[in-house]
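K.L.:
Just passing along the structure, written as structure tokens.
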Amino acid sequence: MSTVNTLRGPIDSTQIGTTLMHEHIMARNPELEQNIVHPEYDEAAIFARARKSLTSLHEDKGIDTFVDLTVLGLGRDIPTVQRLAEGVPLNIVVATGYYTAKDLPTYFHTHGPDGLVGKTLGGPDVLEMMFVEDITKGIPRTDGVKAGIIKIVTDEHGITPDLDRVYRAAARAQAETGVPISTHTNVHFANGRDQQKWFKANGVDLERTVIGHSGDSTDLDYLKELMDNGSFIGMDRFGMEFVLDDESRVDTLAKLLEQGYAEKITISHDAGFFSINTPPSWRAKYTPNWHHHRISDYVLPELRKRGVTEDQITQMMVVNPVQVLTGDAEATKAVAAKVLGP
Ligand SMILES: [Zn+2]
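As numbered in our numbering, residues 1404 to 1745 make up the sequence shown, in order.
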């Protein structure tokens, strides 16, 4: 596999380019929003702001590909993303998967393999079927937009029975389709360890996983352990300073690069243009640096000040995304030969 599914169809590994590996456009909750009208959800204004920012990311900052990890549980709505992205000169990779820290909705219980409805229907788990079909057939209501990555979560509750089911569906979909798995973790619970343990026990190749939100940690031993085991880590919340300040994030990343880990790290912001959970006015006031330009405007200059090389930056932002998204070592080598210095 050396192509990657995007909003506008598959692209070749050579077209992936400089990539933000964990972002969001919007995080919503349709049921809540039908009943609690959010005063800040002004579609025209949000679309205008997002289009301007995404266009500038490409034209001014050289970002070519934006991976939107908004999945079910975060209000995934790809037809709306398609409308928003009209005319935006960026590749957008969309995801399948499920965002929940603990439980799945009742629908998945009644339709589970042993559920009231599911056991009468037989066949594969609806969750697994959804993941696979999002990747192979296309996401409903989109005219065939296919997901390019699977996103799953663990947080304070660990891998609960429902999450175990999500993980099983993700593992099977990964094996069947070859797309990678990208995770949410809470570093205070070192969830990366449990995730790797689960993946190993269930036959998931760690090389095809990104342990997300690892950049919330400054524990070099923990981070190196995750990479030594084979996973990529996501230093993917630059700007989210209410969790950890950017100076600490940059210092930690620079240390890992100095110790030779450039080939195992992806970088991103986990930012968005609208979230019902932390709305734009709140973000503007309390976390003003959390936006999609933060890496270009602040993080890269700070890394250079700490002696990080252009090749290390290119490795993280261009080469590693090819390896993660395609899993194709030959394609990655070809891109690396083109973009890295001699
Ligand atoms: Zn995220």
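Glycine included, C-beta positions come from ideal geometry on N, C-alpha and C.
What three-state label does DSSP hand V1470 in the structure shown?
P.N.:
Taking the sequence shown and counting its residues from 1, the one referred to as residue 1470 is at position 67. Three-state result, V1470: strand.
K.L.:
Excluding the 5 residues flanking G1541 on each side, which residues of the same chain have their C-beta closer than 7 Å to its C-beta?
P.N.:
Sequence index remark: in the sequence shown, residue 1541 carries index 138 (1-based). Excluding residues within five positions, the ones whose Cβ falls inside 7 Å are G1547, V1548, K1549.
K.L.:
Using 10 angstroms around the beta-carbon of G1551, count the other beta-carbons present and answer buried if the total reaches 16, otherwise exposed.
P.N.:
Position 148 of the sequence shown holds residue 1551. When all chains shown are included, G1551 counts as buried.
K.L.:
Which whole-angstrom value is the C-beta distance of I1553 and Y1570, which I expect to be below 8 Å?
P.N.:
Residue mapping note: residue 1553 aligns to position 150 of the sequence shown, counting from 1. Residue mapping note: residue 1570 aligns to position 167 of the sequence shown, counting from 1. Not a contact, Cβ separation roughly 10 Å.
K.L.:
Let me confirm a value: D1639 is counted as buried when at least 16 other C-beta atoms fall within 10 Å, else exposed. Which label applies?
P.N.:
As a position in the sequence shown, residue 1639 is number 236, starting the count at 1. D1639 should be labelled buried.
K.L.:
What I want to know is whether the C-beta of L1423 ends up closer than 7 Å to one or more non-hydrogen atoms of ligand 1.
P.N.:
For the purposes of this step, residue 1423 is identified with residue 20 of the sequence shown, where counting begins at 1. Not so, every heavy atom of ligand 1 lies at least 7 Å from the Cβ.
K.L.:
Considering only heavy atoms of ligand 1, does any lie closer than 7 Å to the CB of D1673?
P.N.:
The residue you call residue 1673 lines up with position 270 of the sequence shown. Checking the Cβ of D1673 against ligand 1 gives yes.
K.L.:
Answer yes or no: the CB of L1472 versus the heavy atoms of ligand 1, is any distance below 7 Å?
P.N.:
The count along the sequence shown starts at 1 and reaches residue 1472 at position 69. For ligand 1, at least one heavy atom lies less than 7 Å from the Cβ of L1472.
K.L.:
From R1709 to H1427, what distance separates their C-alpha atoms?
P.N.:
What you label residue 1709 is simply residue 306 of the sequence shown in a count that begins at 1. What you label residue 1427 is simply residue 24 of the sequence shown in a count that begins at 1. If I take the Cα positions, the gap works out to 29 Å.
K.L.:
Which residue comes first and which comes last in the alpha helix (DSSP H) that contains T1717?
P.N.:
If you number the sequence shown from 1, residue 1717 lands on position 314. Segment 1713-1717, the alpha helix (DSSP H) holding T1717.
K.L.:
Please find out if some non-hydrogen atom of ligand 2 comes closer than 7 Å to the beta-carbon of H1694.
P.N.:
The model on display carries ligand 1 but not ligand 2.
K.L.:
Roughly how many angstroms lie between the CA atoms of G1476 and T1503, to the nearest whole one?
P.N.:
Counted from its first residue, the sequence shown places residue 1476 at position 73. Counted from its first residue, the sequence shown places residue 1503 at position 100. Taking the straight line joining both Cα atoms gives about 6 Å.
K.L.:
With distances taken between CB atoms, is the gap from G1730 to R1611 smaller than 8 Å?
P.N.:
Numbered from 1 along the sequence shown, position 327 holds the residue referred to as residue 1730. Numbered from 1 along the sequence shown, position 208 holds the residue referred to as residue 1611. Contact: yes.
K.L.:
On the premise that T1421 lies in contact with D1467, defined as a C-beta separation below 8 Å, what is that separation, rounded to the nearest angstrom?
P.N.:
Along the sequence shown, read from residue 1 onward, the residue named residue 1467 stands at position 64. Along the sequence shown, read from residue 1 onward, the residue named residue 1421 stands at position 18. Confirmed, about 5 Å.
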